[in-house]
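Take a look at the structure set out below.
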Amino acid sequence: LTAEKAKLSALTSANAAHDAASAASTRATAQRDAAIQDLRKWWGEFRAVAQVAFKDRPDLASQFGL
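Residue numbers for the sequence shown follow the numbering used here, beginning at 575 and rising by one.
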């Protein structure tokens, strides 16, 4: 009976660890998605400024993929 109780305790601990890892993964995914959204916003603003700045320098604009 003691051995079965120990197994149940180990299972409960493993389940709690799994739940914590799952929650951490969800948070990390949300942070990644927010960072990508911020980067895309920044890149859009950068492109707009760079297109104006490099209007007379198409060679430089092409280096930035504009």
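Ideal Cβ placement from N, Cα and C applies to all residues, glycine included.
Per DSSP, F620 is one residue of the alpha helix (DSSP H) stretching across T576 to A627.
Residue state for L640 is assigned as coil, using DSSP reduced to three classes. One alpha carbon belongs to V626, the other to I610, and they sit about 25 Å apart.
Put simply, the backbone Cα of G618 is about 12 Å away from that of F638.
With contacts defined as CB atoms closer than 8 Å, A624 and L640 qualify as a contacting pair.
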